[in-house]
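Converting from the sequence shown to my numbering requires adding 851 to each position, the first position being numbered 1.
All C-beta atoms in this analysis are idealised placements derived from N, C-alpha and C, irrespective of residue type, glycine included.
Just so we're clear, the structure is a prediction, and the values are computed from it rather than from any experiment.
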Amino acid sequence: MWLDTKEWLQYTKGANMGDLTQNFDLEEYACKCGCGVADIKQELAVKVQQVRDLVGRSITINSGVRCARHNGNIGASETSSHIGGWAADLGYKGSGERYQLLNAAFQIFDRVGIAKNFIHVDVDANKTAGVVWIYS
Ligand SMILES: [Zn+2]
């Protein structure tokens, strides 16, 4: 799964659209507060791209990396995987897109959270694998 640096650069720079992976720019994963923090983990970005490849349409990153302050400001858990760049919230609209996104996410990720307008996915090895949770 892991690419060496040369392979990673080819994966990212050989692509035709995004500057991080084929369809995503690093900016899309940057902290939404505007602080500039954008240290997203490679493993996550590669897997999100794989989900995007499976669904075959654009996906909005509602939240990628978060600085601790922004994470606190939005009331998220202090142990959120977003802080370390291990997580992304993938936006969707409606039950059809939810189905597509979940179907793809379950093939790629083993930690999935379901919210009304996004699917959380992460690669946080310090948390339990093989889980799905629902945001109430
Ligand atoms: Zn921030």
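Query                                                                                                                           : Result
A955 versus R920: straight-line alpha-carbon distance, rounded                                                                  : 31 Å
Which of helix, strand or coil DSSP assigns to V888                                                                             : coil
beta-carbon H933 near ligand 1 non-hydrogen atom, thresh 7 Å                                                                    : no
Boundaries (first-last residue) of the beta strand (DSSP E) holding H971                                                        : F969 to D973
Cβ shell of I970 (< 6 Å), same chain only, five flanking positions each side left out                                           : L941, L952 and A956
For D940: DSSP bridge partner residues                                                                                          : S914 and H971
Inter-residue spacing [alpha-carbon to alpha-carbon] between R908 and V916                                                      : 22 Å
Bridge partners - T872, DSSP secondary structure assignment                                                                     : F875
Contacts around A896, its chain only, beta-carbon distance under 6 Å, and the 5 residues preceding and following it disregarded : L871 and T872
Alpha carbon of D876 to alpha carbon of G981, nearest angstrom                                                                  : 28 Å
Given A889 as reference, the closest of E948, G945, G935 and M868 once Cα atoms are compared                                    : G935
Proximity to D961 [Cα-Cα], best of Y986, H933, D973 and C886                                                                    : D973
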